[in-house]
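**Q** The sequence shown begins at 54 in my numbering and counts up by one. Ideal placement from N, C-alpha and C gives every residue a C-beta, glycine not left out. Bear in mind that the values here come from a model prediction, so they are computed numbers and not experimental data.
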Amino acid sequence: MTSPRERRIDALILFALLALTAAAYWPGLAGGYLYDDMPNIVDNTRLHIHTLAPEALLSASFSSHAGPLMRPISMVSFALDYYFFGLAPYAFKATNLAVHLLNGLLIFWFTTLILRGYRRYRPDDLTDTGTRWLALTVTGAWLLHPLNLTPVLYVVQRMASLAALFTLLGLCLYARARLRALAGAARLAPGLIAALACTVPAALSKETGLLLPIYLLVLEAAVFRFRDADGTHSRLLVRTAIGGTLGGLALAGAWLLLHPGFVTAGYAGRDFTLGQRLLTEPRVILWYLHMIVAPSIHSLGLYHDDFTISRGLFQPATTLPALLAVFGLLGAGFALLRRTPLIGFGILWFFTGQLMESTVFPLLIAQEQRNYLADYG
């Protein structure tokens, strides 16, 4: 158990990490609008509200076509910034920073819960002190990682950070409910329902929020292992996992059947095909991993249009090795779930974060904000 003194120390260190993060980002708040900020915020007159009347907020909420769900939660947050502060980019970026700091708190809570769950099965691997310091270290590294800069200082990418906020909230609610259920202090079903419900605001912030159930599967497989307190498999969790997976696949399949051009139509405006994108993304993913482990400020930036497109398995020559490396890493993630579950968790978490934006959809080849939650792994 953590003593009151240790909790105070943790709170002070966490406050210091948040303050350090705010200080690091503070100079960047003076920057202006960029790229997609223009059509979504600056030139979007429906967003420029002068009243908080429901009809004005509703109009602002659905004023963007950045995604198929129109991202109303993100859009209404921009509208509220405009209502209170006008179009001053400083205020919009300050809100982004506040969201990032909130996410940092959720990262700390989530990491602590994960490690507590891990220690139920491997109590000798970590002490109470080790758990505390590891959670603080992970939180500090995530808060200050340069790859996470874009969702803070690029205003429109609040969509990514808000989706991450609700995703993390759902994960925390689930992990807490899971631990309480294992301790016999509460039933799991309400916590599971609350966690899955967070998918709605997450997805209405950005479609990547739809990945929350998959993150939950990764968490369960790596940390809690679908088991009840007595060590037997949980029927509720197994049935929910199987039913949810089959249901999700059925919904996705039905959507694609009803909208056959949903994926392919967007490639008409790109200088690469679906096949070329799928060949290129493994190289992009390996570059993301390199930037996570050994970030270089000279390689980071808003635009990565110069990334060479793979035209075949050997054009460029790194295409096939990258493809094999990605599948090898993915296989290792599954294989390590039993022997070294935290490493397996990290690998599968990262790939879960890439499922939507680094696969078939006709998006730009490489963008740093795609790693905002993925780099936690």
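Less than 8 Å between the CB atoms is what I'm expecting for Pro415 and Tyr341, so what's the real figure, rounded?
**A** At roughly 19 Å, the Cβ-Cβ gap does not stay under 8 Å, so Pro415 and Tyr341 are not in contact.
**Q** For the region 182 to 189 against the region 211 to 223, do three or more pairs of beta-carbon atoms, one drawn from each stretch, fall closer than 8 Å, so that the two count as touching?
**A** Cβ pair count under 8 Å is below three, so no.
**Q** DSSP has Gln368 in a bridge; who is on the other side?
**A** Gly365.
**Q** Could you tell me which uninterrupted alpha helix (DSSP H) segments, each at least 4 residues in length, are contained entirely in the region 74 to 130, listed from first to last along the chain?
**A** Qualifying alpha helix (DSSP H) stretches, in chain order: 107 to 114.
**Q** Kindly list the residues whose CB is nearer than 7 Å to the CB of Asp63, restricted to its own chain and excluding five residues on each side of it in sequence; keep chain order.
**A** Excluding residues within five positions, the ones whose Cβ falls inside 7 Å are Arg185, Leu189.
**Q** Is Cys251 near Leu159, with beta carbons less than 7 Å apart?
**A** In this structure, Leu159 does not lie closer than 7 Å to Cys251 by Cβ.
**Q** Where DSSP assigns a beta bridge to Arg280, which residues make up the other side?
**A** Its beta-bridge partners are His286.
**Q** Where does Trp308 land, buried or exposed, given buried means 16+ other C-beta within 10 angstroms?
**A** So Trp308 counts as exposed.
**Q** Say whether the region 148 to 166 touches the region 115 to 123, bearing in mind that this needs 3 or more beta-carbon pairs closer than 8 Å, one atom from each stretch.
**A** Flag = no, the region 148 to 166 and the region 115 to 123 do not touch.
**Q** Answer with buried or exposed for Ile167, where buried requires no fewer than 16 other C-beta atoms within 10 angstroms of its C-beta.
**A** The residue in question, Ile167, is buried, as its Cβ has 16 or more Cβ neighbours within 10 Å.
**Q** Helix, strand or coil, according to DSSP, for Leu263 in the structure here?
**A** In this structure, Leu263 counts as helix in the three-state DSSP scheme.
**Q** Starting from the Cα of Cys136, find the closest Cα among Val253, Thr104, Gly157 and give me that residue.
**A** In the sequence on display, residue 136 carries Tyr and not Cys. Of Val253, Thr104, Gly157, the residue nearest in Cα terms is Thr104.
**Q** I think Ser46 touches Arg211, with their Cβ atoms under 8 Å apart; what is that distance to the nearest whole Å?
**A** Residue 46 lies beyond the stretch modelled for the chain, which goes from 54 to 430, so this question has no answer here.
**Q** Measuring CB to CB, does Pro199 end up less than 7 Å from Pro107?
**A** No, the pair does not count as a contact, with Cβ atoms beyond the cut-off.
**Q** Output the boundary residues of the alpha helix (DSSP H) element that contains Asn149.
**A** Per DSSP, Asn149 belongs to the alpha helix (DSSP H) from 142 to 174.
**Q** Hey, Thr333 and Ser352: beta-carbon distance below 7 Å or not?
**A** Taking 7 Å as the Cβ cut-off, Thr333 and Ser352 do not qualify as a contacting pair.
**Q** Could you give the distance in angstroms between the alpha-carbon of Asp281 and the alpha-carbon of Pro243?
**A** Rounded to the nearest angstrom, the two C-alpha atoms are 16 Å apart.
**Q** Relative to the C-alpha of Trp402, which residue among Asn424, Arg231, Asp177 is closest?
**A** Out of Asn424, Arg231, Asp177, Asn424 has the C-alpha closest to the C-alpha of Trp402.
**Q** Can you give the Cα-Cα distance for Ala77 and Pro204, rounded to whole angstroms?
**A** Cα to Cα, Ala77 sits roughly 14 Å from Pro204.
**Q** How is Ile295 classed by DSSP in three states: helix, strand or coil?
**A** DSSP places Ile295 in helix when its eight states are reduced to three.
**Q** Is it true that the CB of Ala275 sits closer than 7 Å to the CB of Pro176?
**A** No, the Cβ-Cβ distance between Pro176 and Ala275 is not below 7 Å.
**Q** Classify Cys251 as helix, strand or coil using the three-state DSSP reduction.
**A** Cys251 falls in the coil class under three-state DSSP.
**Q** Consult DSSP for Gln422 and reduce its assignment to one of helix, strand or coil.
**A** The answer is helix: DSSP assigns Gln422 an H, G or I state.
**Q** Quick one, are the C-beta atoms of Ser258 and Ser127 less than 7 Å apart?
**A** Yes; because the gap between Cβ atoms is below 7 Å, this pair is in contact.
**Q** According to the Cβ coordinates, are Phe161 and Arg231 closer than 7 Å?
**A** Their beta carbons are not under 7 Å apart, which means Phe161 does not touch Arg231 by this criterion.
**Q** If we ignore side chains and look at the alpha-carbon of each, how far apart do Asp178 and Arg172 end up?
**A** Approximately 7 Å between the Cα atoms of the pair.
**Q** Are the CB atoms of Arg336 and Ala375 nearer to each other than 7 Å?
**A** It is a contact, given that the beta carbons lie within the stated cut-off.
**Q** Does the distance from the C-beta atom of Val291 to that of Phe279 stay below 7 Å?
**A** In this structure, Phe279 lies closer than 7 Å to Val291 by Cβ.
**Q** Quick check: the Cα distance between Leu155 and Gly328, rounded to an integer number of angstroms?
**A** Going by the C-alpha atoms only, they are around 39 Å apart.
**Q** Which term fits Asp359, buried or exposed, when burial requires 16 or more other beta carbons within 10 angstroms of its beta carbon?
**A** So Asp359 counts as exposed.
**Q** Within 10 Å of its beta-carbon, does Gly85 have 16 or more other beta-carbons around it, so buried, or fewer, so exposed?
**A** Classification of Gly85: exposed, given that the 10 Å Cβ count is below 16.
**Q** May I ask you to report which of helix, strand or coil DSSP gives Gly300?
**A** Helix.
**Q** Specify the secondary structure class of Ser258 as computed by DSSP and reduced to three states.
**A** If DSSP states are grouped into helix, strand and coil, Ser258 belongs with coil.
**Q** What's the C-alpha gap between Arg229 and Thr74?
**A** So the alpha carbons of these two residues sit roughly 27 Å apart.
**Q** Would you mind sorting Ser114 into buried or exposed? The rule is 16 or more other CB atoms within 10 Å of its CB.
**A** Looking at its Cβ environment, which holds 16 or more other Cβ atoms inside 10 Å, Ser114 is buried.
**Q** Please state if the CB of Val379 and the CB of Ile338 are separated by a distance shorter than 7 Å.
**A** It is a contact, given that the beta carbons lie within the stated cut-off.
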